[in-house]
Amino acid sequence: MLKLLQEETPKATWIVKDNKKSLLSGCKPVTLPLSKEDTLVMKKMIDWVRVSQDEKLNTDKELTEAIGIAAPQIGANLNMYYILLPILNEKTDKVTYFEHALINPKISGKSKQIAALKPGEACLSVDKKHEGLVPRSYKIHVSGYDFLKKKHVSLIVRGYEAIVFQHEQDHLEKKIYYHHINKKDPWFKKEDWIII
Numbered sequence: 671m672l673k674l675l676q677e678e679t680p681k682a683t684w685i686v687k688d689n690k691k692s693l694l695s696g697c698k699p700v701t702l703p704l705s706k707e708d709t710l711v712m713k714k715m716i717d718w719v720r721v722s723q724d725e726k727l728n729t730d731k732e733l734t735e736a737i738g739i740a741a742p743q744i745g746a747n748l749n750m751y752y753i754l755l756p757i758l759n760e761k762t763d764k765v766t767y768f769e770h771a772l773i774n775p776k777i778s779g780k781s782k783q784i785a786a787l788k789p790g791e792a793c794l795s796v797d798k799k800h801e802g803l804v805p806r807s808y809k810i811h812v813s814g815y816d817f818l819k820k821k822h823v824s825l826i827v828r829g830y831e832a833i834v835f836q837h838e839q840d841h842l843e844k845k846i847y848y849h850h851i852n853k854k855d856p857w858f859k860k861e862d863w864i865i866i
């Protein structure tokens, strides 16, 4: 059984929706080592995503299954986010996890190659469906202090993983995925885009 990192059971009501100004008011850098308050925010984000993916703990599906969450989404305008991507090895049928809890993350390099998710993107903070392709860089360089690994990390990620990082980074930079959708032609794509 999954052990929570903090005392409160995650609830759907923790999520700040896109009709609240605070979601887009920007984030402040986080001082290391983390204060008790900032540590609690990070632990709440980790617990929220982990519980949302755990069928035994999220039995009533109160929590929408998530692969990432940013601090503004739980009401804390801090430069932090958490990503948990289950990756299935089709040969062995085993699941491994790509997991990072980044503090003061920065995307310092982006490829010119554009990628987008075929069905579009979704977000815990967005109830209304915004259809369309969200153009993202196919490959990025992201760095920050990893709360779980207790050290500074520097990552080069591609494809789906890169899209997830950019989605969460947007929350720290006063953006939501639908701000990137072409307003005149939501499904617009160039021939050289990689559709995932």
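Counting in my numbering, the sequence shown runs from 671 upward without gaps. For glycine and all other residues, C-beta sits at the position ideal for the given N, C-alpha and C.
Which residues DSSP lists as bridging Lys764, in chain order: Asn759
Pull up the DSSP beta-bridge partners for Val812, would you. Paired residues: Ile777 and Leu825.
Starting from the C-beta of Val765, find all residues in its chain whose C-beta is less than 6 Å away, skip the five residues before and the five after it, and write them out in chain order. Pro756 and Leu758
Return the residue from the list Asp724, Val719, Gly745 and Asn749 that minimises the CA-CA distance to Gly738. Val719
Residue range of the beta strand (DSSP E) that Ile784 falls in? Ile784 to Ala786
Thinking just about the alpha-carbon of each residue, which of Lys859, Phe768 and Leu727 is nearest to the one in Ala832? For the residues Lys859, Phe768 and Leu727, the minimum Cα distance to Ala832 belongs to Phe768.
Based on Cα-Cα distance, which residue from Leu702, Tyr751, Lys673 and His770 lies nearest to Leu727? Lys673
Three-state secondary structure assigned by DSSP to His770: strand
If contacts are defined as beta-carbon pairs under 8 Å, then Ala785 and Ile864 qualify, I think. What distance do you get, rounded to the angstrom? That belief holds up - the Cβ atoms of Ala785 and Ile864 are roughly 4 Å apart, short of 8 Å.
CA-to-CA distance, His822 to Pro742, given in whole angstroms: Per the coordinates, the alpha-carbon of Pro742 lies some 22 Å from the alpha-carbon of His822.
Proximity below 8 Å, CB of Lys788 to CB of Leu748: no
Measure the beta-carbon distance from Met750 to Leu733 and round it to whole angstroms, keeping in mind my assumption that it falls under 8 Å. With a contact defined as Cβ atoms closer than 8 Å, Met750 and Leu733 miss out at about 19 Å.
Taking the alpha carbon of Glu735 as the point to measure from, which residue in Val711, Lys776 and Ala792 has its own alpha carbon closest? Ala792
Of the choices Ala740, Lys731 and Met715, whose alpha-carbon is the least far from that of Leu693? Ala740
Just confirm the distance between the C-beta atoms of Lys844 and Gly696, as a whole number of angstroms; I'd bet it's less than 8 Å. 5 Å
CB contact flag (Met712, Phe835, <8 Å): no
When the distance is taken between beta carbons, is Lys776 closer than 8 Å to Ser813? yes
Which residue comes first and which comes last in the alpha helix (DSSP H) that contains Ile716? Taken as a continuous stretch (DSSP letters only), the alpha helix (DSSP H) holding Ile716 covers Lys706 to Gln723.
Since Ser795 and Lys687 are thought to touch, with beta carbons under 8 Å apart, how far apart are those beta carbons, to the nearest angstrom? 5 Å
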